[in-house]
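Chemist: In my numbering, the protein residues as written are 22 to 89.
We treat Cβ as the ideally placed atom computed from N, Cα and C, and that holds for glycine.
Before I ask anything, here is the structure I am working with.
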């Protein structure tokens, strides 16, 4: 089953804050995932990082389901 992220537009790039909303997690968690290499991003300049929609989908698809 492939993960599909519902978004109001067909945007290709998201700011970390926007990615946090899409993933329903905190902004700091997005930065932690980026630093750990778990969430891929592109660096447009020194202070401008963006996350591809495909990277969000890949991250969600690779999450391990929790079972009791």
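1) Please tell me whether residue 60 and residue 51 are closer than 8 Å, where the distance is taken between their beta carbons.
2) Need the endpoints of the beta strand (DSSP E) that residue 71 sits in, please.
3) I believe residue 36 touches residue 71 by the beta-carbon criterion, under 8 Å. Please report the beta-carbon distance rounded to the nearest angstrom.
4) Using the DSSP secondary-structure output, state which residues sit across from residue 63 in a beta bridge.
5) Is residue 56 close to chain B? Criterion is C-beta to C-beta, closer than 8 Å.
Modeler: To lay it out plainly:
1) yes
2) 69-73
3) 6 Å
4) 71
5) Absent from the structure: chain B. Only one protein chain is present.
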